[in-house]
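Residue numbers 1 to 903, in full-length UniProt numbering, belong to the letters of the sequence shown in order. Contents: one structure, followed by commentary.
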Amino acid sequence: MAPSWQRLGLYACLLKRQLNDGPDVIKWGRRVIPGWSRGIYSATGEWTKEYTLQTRKDVEKWWHQRIKDQALTVSEADKSKPKFYVLSMFPYPSGKLHMGHVRVYTISDTIARFQKMRGMQVINPMGWDAFGLPAENAAIERNLHPESWTQSNIRHMRKQLDQLGLCFSWDREITTCLPDYYKWTQYLFIKLYEAGLAYQKEALVNWDPVDQTVLANEQVDEHGCSWRSGAKVEQKYLRQWFIKTTAYAKAMQDALAGLPEWYGIKGMQAHWIGNCVGCHLDFMLKVDGQVTGEKLSAYTATPEAVYGASHVAISPSHRLLHGHSPLKETFRKALVPGQDCLTPVTAVNMLTQQEVPVIILAKDDLEGSLDAKIGIPSTSLEDSALAQTLGLSYSEVIEETPDGTERLRGSAEFTGMKRQDAFLALTQKARRERVGGDVTSDKLKDWLVSRQRYWGTPIPMVHCPACGPVPVPLEDLPVTLPSITPLTGRGGSPLASASEWVNCSCPRCKGAATRETDTMDTFVDSAWYYFRYTDPQNTQSPFSAALADYWMPVDLYIGGKEHAVMHLFYARFFSHFCHDQKMVKHREPFHKLLAQGLIKGQTFRLPSGQYLRREEVDLTGSDPVHANTGEKLEVSWEKMSKSKHNGVEPEDVVEQYGRDTVRLYVLFAAPPEKDILWDVKTDALPGVLRWQQRLWALVTRFIEARTSGKAPRPQLLSDKDKAEARRLWEYKNSVISQVTAHFTEDFSLNSAISQLMGLSSALSQASQRVVLHSPEFEDALCALMVMAAPMAPHITSELWAGLALVPQKLCAHYAWNTSVLLQAWPTVDPQFLQQPEVVQMAVLINNKACGKVPVPQHVAQDQDKVHELVLQSELGVRLLQGRSIKKAFLSPRTALINFLLQE
């Protein structure tokens, strides 16, 4: 070995003491510590010139634990750093990670590492959505208790996450099936109940007549039969618990406008909620002038005109005709199938005290998801026709004044008001008196949270014959699950069999009472978990307001698009509720949302629908066929699953290709929101393998140049060399700018990797004199390693260790005594920012490309300015002048603007 390489070994010794890597790995000259046979530089002090399979294994084994140990501790007391809360949707502990988990958690891990390097105070927490039907079913099949099954799965999956090199904020770990978590789920339920937002009513459920239990939709097969008994499932009305999510529909719909673009998800949320133009109002039902005690809630899109109501209409499938209502027979006697039927039941509006008849409509489907609506002829031609047909009386309550304004008449204290003012006043009064009035849509239903299962959060309510439903006192929480095994026995909720647990005293009157035996839907547990992460050890409240206010809102929320409707809606609901309870200052829980696509595997299916394993498929011909029969197969790409034989095991992939390669593949194969078709023969995987080898070769060339005995002397560079170095400097700054934008704005990490690949190619083409003498080359190479580190932390850690020991470095602004993941993220040089940067903006007209217009980079995301510049350009004058532009769309991700013209 040349003397310079021996000196490098000595530097390795000194650095390892600085990094506290331990004296057992130090090499002095050629003498290696006995017992160490590793071949990488960090272990031997000798640089391995080729990045072989063995080198990769050595690098990842060496750096795996060290990278974990470098994780920064987080202290909320350190206000000198801005915070960044990156959250990935926590998994259900099924026992095994799949490649979808690998993708979402690689993205969150990469973003978290990046933000730490930017100097942010970062949390990237992890936990377990541990209650639910799958665990209960799996435990029953295995004759185990759900808790033991769940905890063993958590231990295994936690180990898998560690093996993947993912660094989470494990000090914030939560598990929803533990009493220290679900105590606070129960606390929030009681707060909802006290606010009038949790209530019981009859609802239609799936009923297994053999097992005598309610089934979730997932427990009913495609033939309408029970997953367990095989019996035909019946539709049955049972008394269920609901959370009144409709109360926040309007607020949640309006709040979407203040959120950044979620690339289609906001539209999905808006569609789920619907147009919030009306409200429900409550009625007391009477028969023959006698109050029955039965209540009915009915919807109207024009509550301001309710004094002109002629009737309340219900559908033929309404619970009043099919459930356990005392009026059931009265309604059924009045029913004539296929006709609109007037009944002897009347409804008293609990706000206006007006009394109108109840009608059973001929049609089964009302607007949206309604089963009851208020008939107001003044605002509905359909209601007017029905009232005339049945001879119902009503008043015209809306009049138009000479100036064209619509005002109310004959409407008590609302008379004379403009319609819009009356709408606000009437709905506010209804809410104050708790008789409805929450502005919502005709399609949104309240959230049914009852589950007749064991493995869930017990609903903390007591049923007293004298007092009715009574919440468990807060000081008595949690109501823990009784120690029973839900394996045998039939007859409703498994909790009902725990008689010592069920029978209790009423918290109010101290008389004999029974506990609620329903448990909560697991979506309740996951609707507030992001709050608990901010203060996971709190034993006095769900979370500290101060800590929640410090960390919230979540800066980036990452998860599957399949959870971007229901889960997101429920999570937003809980955040709005907690805000109104003065528990948090932020109303919306998530700032930016990244809904990542699926990882799909190739499937091979017989015409019968049977999926085949890959070893059963003959791929030698032009079309895949069954290896045994030669039968032609249907080939498609589908979400990975065991039943379809198209999955891959994360551990196997990591073993074959390495942690960094798998990370780079899932980041590079497609933009995060797009699906990945898992095929290692495509360009993506060979591409990231080659790139790692190129990075290794780059550092190797640099180390050899700087340890060749020739000292770097920038003054020896010729004008041609300086021009080359200047181009590298410009390229480096451009890449820093673009990669940083991808990390902070559009999260197109595939594009970030492409930019880094381009920079590494440019460095590979540098002349030997520039490599040896140029500060620009050294700086660009170091910046490349730092920017690649969040995505490929193991290889870059090794490469940085090699760079750190190169003598006579020309760049002093790096922290050479710390690892690459603790470096500051590169910033664009100020003099580069002073250069006039120009973006070539692609112009489309009616979706057809028409050319490009140069636009200053600093306004390239400003739609109004880009719109104006394009109109003023030669292309705009030629193609757009004098034409009617309906709308212009500026792409948030690429330099593109699309003009839609009025034809």
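In this text, a Cβ means the ideal position worked out from N, Cα and C, and glycines have one as well.
Boundaries (first-last residue) of the alpha helix (DSSP H) holding residue i
i, result
"G851", "It is not in any alpha helix (DSSP H) - G851 instead sits in the beta strand (DSSP E) that spans 848 to 856."
"F899", "Taken as a continuous stretch (DSSP letters only), F899 belongs to no alpha helix (DSSP H), being part of the beta strand (DSSP E) at 896 to 901."
"V770", "768 to 773"
"H463", "From DSSP, H463 is part of no alpha helix (DSSP H) but of the beta strand (DSSP E) over 461 to 464."
"A571", "566 to 580"
"L342", "Counting along the chain, L342 falls outside any alpha helix (DSSP H), though it belongs to the beta strand (DSSP E) covering 341 to 349."
"T514", "Not the alpha helix (DSSP H): T514 falls in the beta strand (DSSP E), residues 512 to 515."
"G802", "793 to 804"
6 Å Cβ shell around residue i - same chain, five flanking residues per side excluded
i, result
"K732", "A780, A783"
"T246", "D438, T440, L444, D446"
"A548", "F531, T534, V584"
"K886", "L900, Q902"
"K297", "In the sequence on display, residue 297 carries Ser and not Lys. Taken in chain order, the residues that qualify are H280, D282."
"S169", "I123, N124, P125"
Close Cβ partners of residue i (< 8 Å) along its chain, the five nearest in sequence each way excluded
i, result
"S760", "W691, R694, L695, L698, L784"
"I897", "M841, A842, V843, L844, Q863, V866, H867, V870, A888, F889, L890, S891"
"D162", "K68"
"V682", "Note that residue 682 is Thr in the sequence shown, not Val. Once the five neighbours on either side are set aside, the close Cβ partners of T682 are A669."
"A231", "D208, P209, V210, D211, C225"
"F114", "F743, P790, W825"
"C811", "P775, E778, D779, C782"
"W729", "E776, D779, A780, D829, F832"
"E202", "Y237, L238, R239, Q240, R319, G323, H324, S325"
"L717", "A725, R769, V770, H773, S774"
Residue i, enclosing beta strand (DSSP E) - first and last residue
i, result
"W207", "198 to 208"
"residue 913", "With the chain represented from 1 up to 903, any question about residue 913 goes unanswered, as that position is not in the structure."
"G100", "Looking at the DSSP string, G100 is not in any beta strand (DSSP E); the run it does join, the alpha helix (DSSP H), is 99 to 117."
"K373", "372 to 375"
"D438", "436 to 440"
"Y237", "234 to 243"
"V866", "It is not in any beta strand (DSSP E) - V866 instead sits in the alpha helix (DSSP H) that spans 863 to 872."
"G758", "That residue, G758, is in no beta strand (DSSP E); its alpha helix (DSSP H) goes 749 to 764."
"P469", "468 to 471"
"V214", "213 to 215"
DSSP bridge partner residues for residue i (one or two, in chain order)
i, result
"L698", "According to DSSP, L698 bridges with nothing at all."
"L87", "Y557"
"W637", "Q602"
"E399", "R407"
"E355", "V348"
"V843", "G851, I897"
"Y611", "R605"
"R451", "T519"
"I676", "I599"
"F889", "N898"
"I190", "Per DSSP, none; premise fails for I190."
"F590", "V554"
Rounded Cβ spacing between residue i and residue j (contact assumed at less than 8 Å)
i, j, result
"M841", "K852", "6 Å"
"K644", "Y611", "5 Å"
"D421", "A301", "D421 to A301, Cβ: 17 Å. No contact."
"R883", "L901", "5 Å"
"Q602", "W637", "6 Å"
"T522", "L495", "T522 to L495, Cβ: 16 Å. No contact."
"C464", "C509", "6 Å"
"M284", "V348", "5 Å"
"W227", "T175", "At roughly 26 Å, the Cβ-Cβ gap does not stay under 8 Å, so W227 and T175 are not in contact."
Close-in-space but distant-in-sequence residues of the same chain around residue i (CB under 7 Å, 5 per side omitted)
i, result
"H322", "Y237"
"D383", "S310, G375, I376, P377"
"Y263", "E673"
"Y187", "L474, L477, P542"
"Y51", "Q692, Q693, W696"
"V32", "Residue confidence for V32 is low, a pLDDT of 36 falling below 50, so the modelled location carries little weight; the figure read from the coordinates is stated next. Here the set comprises T44."
"F423", "P303, E304"
"R332", "L321"
"T392", "This sequence places Leu at residue 392; Thr is not what is there. Result list for L392: S310, H311, P357, in chain order."
Length at least 4, wholly inside the segment 258 to 330: the alpha helix (DSSP H) runs in chain order: The segment 258 to 330 contains these whole alpha helix (DSSP H) runs: 265 to 273, 319 to 322.
Runs of alpha helix (DSSP H) wholly within the segment 121 to 184 (minimum 4 residues, chain order): Runs found: 133 to 142, 146 to 163.
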